[in-house]
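2 protein chains.
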Amino acid sequence: MLVGIDIGATKTVALAVGKDGSVRGRSKKRTKAREPEAILERAEKAAREAVKEAGASFKKVRRVGIGVPAGVLDGVARLAPQLGWQDVPVRELAEGIFGRQVVVENDVNLGLVGEFHEANLGPLSTACAFFFGTGMGGAVIVDGRILRGGRGLAGELGHIIVEPGGRACGCGNAGCLEAYASKTALLARIKSALFDEGRESALRDEISPDDRVVRSSVLKKAWDAGDDLAREVVEEGMRYFGLGVASMMNGLDPDLVVLGGGVVEAFGDEMVESVKDQAAPHLFADRERISVVRRTALGDDAVALGAAYVARTG
Amino acid sequence: MLVGIDIGATKTVALAVGKDGSVRGRSKKRTKAREPEAILERAEKAAREAVKEAGASFKKVRRVGIGVPAGVLDGVARLAPQLGWQDVPVRELAEGIFGRQVVVENDVNLGLVGEFHEANLGPLSTACAFFFGTGMGGAVIVDGRILRGGRGLAGELGHIIVEPGGRACGCGNAGCLEAYASKTALLARIKSALFDEGRESALRDEISPDDRVVRSSVLKKAWDAGDDLAREVVEEGMRYFGLGVASMMNGLDPDLVVLGGGVVEAFGDEMVESVKDQAAPHLFADRERISVVRRTALGDDAVALGAAYVARTG
Numbered sequence: 001m002l003v004g005i006d007i008g009a010t011k012t013v014a015l016a017v018g019k020d021g022s023v024r025g026r027s028k029k030r031t032k033a034r035e036p037e038a039i040l041e042r043a044e045k046a047a048r049e050a051v052k053e054a055g056a057s058f059k060k061v062r063r064v065g066i067g068v069p070a071g072v073l074d075g076v077a078r079l080a081p082q083l084g085w086q087d088v089p090v091r092e093l094a095e096g097i098f099g100r101q102v103v104v105e106n107d108v109n110l111g112l113v114g115e116f117h118e119a120n121l122g123p124l125s126t127a128c129a130f131f132f133g134t135g136m137g138g139a140v141i142v143d144g145r146i147l148r149g150g151r152g153l154a155g156e157l158g159h160i161i162v163e164p165g166g167r168a169c170g171c172g173n174a175g176c177l178e179a180y181a182s183k184t185a186l187l188a189r190i191k192s193a194l195f196d197e198g199r200e201s202a203l204r205d206e207i208s209p210d211d212r213v214v215r216s217s218v219l220k221k222a223w224d225a226g227d228d229l230a231r232e233v234v235e236e237g238m239r240y241f242g243l244g245v246a247s248m249m250n251g252l253d254p255d256l257v258v259l260g261g262g263v264v265e266a267f268g269d270e271m272v273e274s275v276k277d278q279a280a281p282h283l284f285a286d287r288e289r290i291s292v293v294r295r296t297a298l299g300d301d302a303v304a305l306g307a308a309y310v311a312r313t314g
Numbered sequence: 315m316l317v318g319i320d321i322g323a324t325k326t327v328a329l330a331v332g333k334d335g336s337v338r339g340r341s342k343k344r345t346k347a348r349e350p351e352a353i354l355e356r357a358e359k360a361a362r363e364a365v366k367e368a369g370a371s372f373k374k375v376r377r378v379g380i381g382v383p384a385g386v387l388d389g390v391a392r393l394a395p396q397l398g399w400q401d402v403p404v405r406e407l408a409e410g411i412f413g414r415q416v417v418v419e420n421d422v423n424l425g426l427v428g429e430f431h432e433a434n435l436g437p438l439s440t441a442c443a444f445f446f447g448t449g450m451g452g453a454v455i456v457d458g459r460i461l462r463g464g465r466g467l468a469g470e471l472g473h474i475i476v477e478p479g480g481r482a483c484g485c486g487n488a489g490c491l492e493a494y495a496s497k498t499a500l501l502a503r504i505k506s507a508l509f510d511e512g513r514e515s516a517l518r519d520e521i522s523p524d525d526r527v528v529r530s531s532v533l534k535k536a537w538d539a540g541d542d543l544a545r546e547v548v549e550e551g552m553r554y555f556g557l558g559v560a561s562m563m564n565g566l567d568p569d570l571v572v573l574g575g576g577v578v579e580a581f582g583d584e585m586v587e588s589v590k591d592q593a594a595p596h597l598f599a600d601r602e603r604i605s606v607v608r609r610t611a612l613g614d615d616a617v618a619l620g621a622a623y624v625a626r627t628g
């Protein structure tokens, strides 16, 4: 029995996973506190519950994999703005709390690991992922292994430059994909249209000037209602999303490109097809390669399943 | 004694290389004919001359590495427009002509292999290269190995999209880096300015409406003379070059980014510094990473040295 845990900004999911990769038990808790110890203690409870649901003994679990929304170097979470963490020694803390060996990894990396194994790709395959949520997360696998890069900064696919001299990005630069395709970017554009330009939109009832987040479902509802502003900002996001996907495909020629995250989950295949339509004309030499682009197959479970996988392989 | 050969559109260079990587002998010939057999026969002569100059016996050479300006799959050169080749079984032909085992590889990949080993990077390092010449060639090394990708199309860094809806590229797409930073792109812009818009420029004496190529030295001379048009088109090329470099650095976090090719060699450090200045503000999290970007250390020898290297390692 393997245990994989996904610690997100709002919820913590623990899965008990069989050696064949099947989910045998699960437990979900809100991520309430912000202190690392409190979050990890709740994660440990969730893990016990998931293993219990699977009808197994927690004593038999040798190693636990944990995904966190942060860059991770040697088990230390560097910066997790969503949790308010900076340089938190998650592995050390978790090994104390769980009483067993723990592998800690960036959540987007784990999401791609989960999808990579679900897709049954060969060990020499290359893959990348774009997770369209609050930000635009990214990850790269080469020859079956997570690409970390020289300073642990590889896979920042939200910071491919898609518009020279373009919009300011939260990272401090300009023209990044994340400045066009992220909930943060969409919200900023919508607020500016509503409250600076006085645009009419069904979104006016849903969004206030001081909102700092927007739910994907709010965007989807306005999109489905044919709201002009929603259409405009989401379509722009998808256009740039496609350019970013195409650039990485021309650079890496991956066997799999996973599109995921809250916004992709909310908009579903319509968004995936639109991004593919934008990307395909930009693929070098062989546009049929667009077929490697697909929506997450594991949905919400991808990160925790990837965590269980790395718990097994170390 | 190892032999590495660089078959280019205009010249063929053969190097006899010691096991320590030092050049012991060299021979250079014009690439005159276009028939694969004739080109390979001249390459074999050049190889013999280089080995002779090194004071060694050609009989002792077990394997030969050859770089060609084409994508290579299983020893077959897929498409080499500069040589007029399509689907040429170079390895098979060369093994017949050389009478020994031959390794055939794309020239840009070999150039990066040469530079990678010259830089003494560790086996788990990542690197990429941009070669600014007639086109914009690219290559990627991950964990010390050339990244080929699912269809052998990885490393097409000239086809990162740097301008949405931008200029038409020779590849049939639009907005690619190569449509802004390649001699082909610069020449198209210069011809349009001179002959469509009637712009004044020192380049008028150097370039005719039906020219299909421009020498890097012609561009450099006009640049040095402060010619407005030359400054404008080269500066634009460098700006987009910087964006492409930054995008790949955010995706891969490489330990080395090599800038090379005829235009970089002609413009020298001034161009490398300018590209770095353009790229640095776009690097995610750590702009100091720009220090990994550098000009080719091996210059014209990089491809043949990389060929000798792969001849040894297979």
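Residue numbers (this note's numbering), protein chains in the order written: chain A, 1 to 314; chain B, 315 to 628. C-beta atoms are modelled at their ideal positions from N, C-alpha and C, and glycine is treated no differently. Just so you know, these numbers come straight off a predicted model, no measurement behind them.
Worksheet entry | Alpha-carbon to alpha-carbon, Lys-366/B and Ile-141/A | The residue labelled residue 141/A in the question sits at position 141 within the first sequence. The residue labelled residue 366/B in the question sits at position 52 within the second sequence. Taken atom to atom, the span from the alpha-carbon of Ile-141/A to that of Lys-366/B is near 45 Å.
Item to complete: For Val-606/B, collect the residues of the same chain with a Cβ closer than 7 Å to its Cβ; drop the 5 residues on either side in sequence, then sort them by chain order.
Response: Along the second sequence, read from residue 1 onward, the residue named residue 606/B stands at position 292. Exclusion of the five residues before and after Val-606/B leaves Pro-568, Asp-569, Leu-570, Val-571 as the residues of its chain whose Cβ lies within less than 7 Å of its Cβ.
Worksheet item: Is it the case that the Cβ atoms of Leu-387/B and Arg-348/B are separated by a distance below 9 Å?
Response: Here residue 387/B refers to the residue found at position 73 when the second sequence is read from its first residue. Here residue 348/B refers to the residue found at position 34 when the second sequence is read from its first residue. Not a contact, by the Cβ cut-off of 9 Å.
Practice prompt. Would you kindly work out how many angstroms separate the C-alpha atoms of Glu-358/B and Leu-407/B, rounded to a whole number?
Written response: Counted from its first residue, the second sequence places residue 358/B at position 44. Counted from its first residue, the second sequence places residue 407/B at position 93. Approximately 11 Å, taken between the alpha carbons.
Worksheet item: Going along chain B in order, which residues have a C-beta closer than 7 Å to the C-beta of Gly-254/A?
Response: Within the first sequence, numbered from 1, the residue matching residue 254/A stands at position 254. Strictly speaking, residue 254/A in this sequence is Pro, with Gly absent from that position. Near Pro-254/A (Cβ distances below 7 Å), the residues of chain B are Gly-463, Gly-464.
Discussion item. Going by beta-carbon coordinates alone, are Val-418/B and Gly-389/B separated by less than 9 Å?
Written reply: Within the second sequence, residue 418/B is the residue found at index 104, counting from 1. Within the second sequence, residue 389/B is the residue found at index 75, counting from 1. Cβ distance < 9 Å, so Val-418/B and Gly-389/B count as in contact.
Fill in: Cross-chain neighbours of Glu-470/B in chain A, by beta carbon under 8 Å
As a first step, residue 470/B must be located in the second sequence, where it is residue number 156. Neighbours of Glu-470/B on chain A, chain order: Asn-250, Gly-251, Asp-253, Phe-284, Ala-285.
Item to complete: Using DSSP bridges, identify the partner residues of Trp-85/A.
Response: Within the first sequence, the letter at position 85 stands for residue 85/A. Ala-80/A, per the DSSP bridge assignment.
Worksheet item: Is it true that the CB of Phe-116/A sits closer than 9 Å to the CB of Gly-149/A?
Response: As a first step, residue 149/A must be located in the first sequence, where it is residue number 149. As a first step, residue 116/A must be located in the first sequence, where it is residue number 116. A distance of 9 Å or more separates the beta carbons of Gly-149/A and Phe-116/A.
Worksheet item: Nearest CA to the CA of Leu-573/B: which residue from Gly-381/B, Ala-453/B, Leu-329/B, Cys-483/B?
Response: As a first step, residue 573/B must be located in the second sequence, where it is residue number 259. Cα-wise, what sits closest to Leu-573/B is Ala-453/B.
Worksheet entry | is_contact[Tyr-623/B, chain A] using C-beta, thresh 9 Å | Here residue 623/B refers to the residue found at position 309 when the second sequence is read from its first residue. Nearest CB-CB separation between Tyr-623/B and chain A: not below the 9 Å threshold.
Practice prompt. Report buried or exposed for Pro-595/B, applying the criterion of at least 16 other Cβ atoms within 10 angstroms of its Cβ.
Written response: Taking the second sequence and counting its residues from 1, the one referred to as residue 595/B is at position 281. Counting C-beta atoms within 10 angstroms of its own C-beta, Pro-595/B has fewer than 16 neighbours from the protein chains shown and is therefore classed as exposed.
Worksheet entry | Neighbourhood of Arg-545/B by C-beta, 6 Å cutoff - its chain only, sequence neighbours within 5 removed | Here the question's residue 545/B lines up with position 231 in the second sequence. Residues of the same chain with a CB within less than 6 Å of the CB of Arg-545/B, apart from the 5 flanking positions on each side, do not exist.
Worksheet item: Under a CB-based cut-off of 9 Å, is Arg-477/B close to chain A?
Response: What you label residue 477/B is simply residue 163 of the second sequence in a count that begins at 1. The question names Arg, but residue 477/B in the sequence shown is Glu. Closer than 9 Å: yes.
Item to complete: Name the residue from Gly-198/A, Lys-191/A, Ser-201/A, Leu-229/A whose alpha carbon lies nearest to the alpha carbon of Asp-211/A.
Response: As a first step, residue 211/A must be located in the first sequence, where it is residue number 211. In terms of Cα proximity to Asp-211/A, the closest of Gly-198/A, Lys-191/A, Ser-201/A, Leu-229/A is Lys-191/A.
Worksheet item: Which bits of chain C does Ala-560/B rub up against, with CB to CB less than 9 Å?
Response: Chain labels in this structure do not include chain C; the protein chains are A and B.
Worksheet item: Going by DSSP, which residues form a beta bridge with Lys-28/A?
Response: Taking the first sequence and counting its residues from 1, one reaches residue 28/A at position 28. Lys-28/A is bridged to Val-13/A.
Fill in: 8 Å Cβ cut-off: residues of chain A touching Leu-387/B
Stepping through the second sequence from its first residue, residue 387/B is reached at position 73. The premise fails here: Leu-387/B is roughly 12 Å from chain A at the closest Cβ pair, so nothing lies under 8 Å.
Worksheet item: Which residue from Ala-304/A, Arg-312/A, Met-249/A, Gly-262/A puts its Cα closest to that of Asp-290/A?
Response: Taking the first sequence and counting its residues from 1, the one referred to as residue 290/A is at position 290. The question names Asp, yet the displayed sequence has Ile at residue 290/A. From the listed residues Ala-304/A, Arg-312/A, Met-249/A, Gly-262/A, the smallest Cα separation to Ile-290/A is found for Met-249/A.
Worksheet item: What's the C-alpha gap between Thr-296/A and Ala-302/A?
Response: Position 296 of the first sequence, counted from the first residue, corresponds to residue 296/A. Position 302 of the first sequence, counted from the first residue, corresponds to residue 302/A. Ala-302/A has its alpha-carbon roughly 8 Å from the corresponding atom of Thr-296/A.
Worksheet item: In three-state terms, what does DSSP make of Ile-39/A?
Response: Along the first sequence, read from residue 1 onward, the residue named residue 39/A stands at position 39. Looking at Ile-39/A - three-state DSSP - the assignment turns out to be helix.
Practice prompt. With 8 Å as the limit, tell me which residues of the segment 528 to 542 of chain B have their beta carbon closer than that to any beta carbon of chain A; keep them in chain order.
Written response: Residues: none.
Item to complete: Please look up how many angstroms separate the CB atoms of Phe-90/A and Ile-66/A, rounded, as I've assumed it's under 8 Å.
Response: Taking the first residue of the first sequence as 1, we reach residue 90/A at position 90. Taking the first residue of the first sequence as 1, we reach residue 66/A at position 66. In the sequence as presented, Phe is not what sits at residue 90/A; that position holds Val. About 7 Å separates the two Cβ atoms, so the contact holds.
Worksheet entry | chain B within 9 Å of Arg-145/A, Cβ atoms only | Along the first sequence, one-based indexing puts residue 145/A at 145. So yes, Arg-145/A belongs to the interface.
Discussion item. Using DSSP's beta-bridge definition, name the partner residues of Arg-294/A.
Written reply: Position 294 of the first sequence, counting from 1, holds the residue named residue 294/A. In the DSSP output, where bridge partners are listed per residue, Arg-294/A has Val-258/A.
Worksheet entry | Own chain residues within Cβ distance below 7 Å of Ala-70/A, not counting five before or after | Taking the first residue of the first sequence as position 1, residue 70/A is located at position 70. The beta carbon of Ala-70/A sits closer than 7 Å to those of Ala-77, Arg-78, Leu-79, Ala-80, Trp-85, Asn-106, all from its chain and outside the five residues before and after it, given in chain order.
Discussion item. Between Glu-118/A, Leu-112/A, Val-218/A, Ser-247/A, which has its C-alpha nearest Glu-163/A's C-alpha?
Written reply: Looking up residue 163/A in the first sequence gives position 163. Looking at the Cα atoms, Ser-247/A is the closest of the given residues.
Fill in: Leu-121/A (DSSP reduced to helix, strand or coil)
Locating residue 121/A in the first sequence gives position 121, where the first residue counts as 1. Leu-121/A: coil per DSSP, three-state reduction.
Item to complete: Return the Cβ separation of Gly-551/B and Ala-495/B in integer angstroms, given the expectation that the two are a contact with Cβ distance under 8 Å.
Response: Looking up residue 551/B in the second sequence gives position 237. Looking up residue 495/B in the second sequence gives position 181. Taking C-beta atoms under 8 Å as the contact rule, Gly-551/B and Ala-495/B qualify, at a distance of about 4 Å.
Practice prompt. Flag Leu-83/A as yes if its beta-carbon sits less than 9 Å from any beta-carbon of chain B, otherwise no.
Written response: If you number the first sequence from 1, residue 83/A lands on position 83. The beta carbon of Leu-83/A does not come within 9 Å of any beta carbon belonging to chain B, so the residue lies off that interface.
Worksheet item: Can a CB atom of chain B be found closer than 9 Å to the CB of Thr-126/A?
Response: For the purposes of this step, residue 126/A is taken as residue 126 along the first sequence, with counting starting at 1. The beta carbon of Thr-126/A falls within 9 Å of a beta carbon belonging to chain B, placing the residue at that interface.
Discussion item. Beta carbons nearer than 8 Å to chain A: which residues of the segment 397 to 422 of chain B have them?
Written reply: Hits within the stretch: zero.
Discussion item. Is Arg-608/B close to chain A? Criterion is C-beta to C-beta, closer than 9 Å.
Written reply: Along the second sequence, read from residue 1 onward, the residue named residue 608/B stands at position 294. Arg-608/B does not count as touching chain A.
Discussion item. Can you tell me where the alpha helix (DSSP H) holding Ile-504/B begins and where it ends?
Written reply: Stepping through the second sequence from its first residue, residue 504/B is reached at position 190. From DSSP, the alpha helix (DSSP H) with Ile-504/B extends over 497 to 505.
Worksheet item: Taking DSSP as the reference, what is the three-state secondary structure of Gly-452/B?
Response: Mapped onto the second sequence, residue 452/B falls at position 138. Reduced to three states, the DSSP call for Gly-452/B is strand.
Practice prompt. Look at the alpha carbon of Val-234/A and the alpha carbon of Gly-170/A, and state the distance between them as a whole number of angstroms.
Written response: In the first sequence, the residue the question calls residue 234/A occupies position 234. In the first sequence, the residue the question calls residue 170/A occupies position 170. For Val-234/A and Gly-170/A, the distance between alpha carbons rounds to 19 Å.
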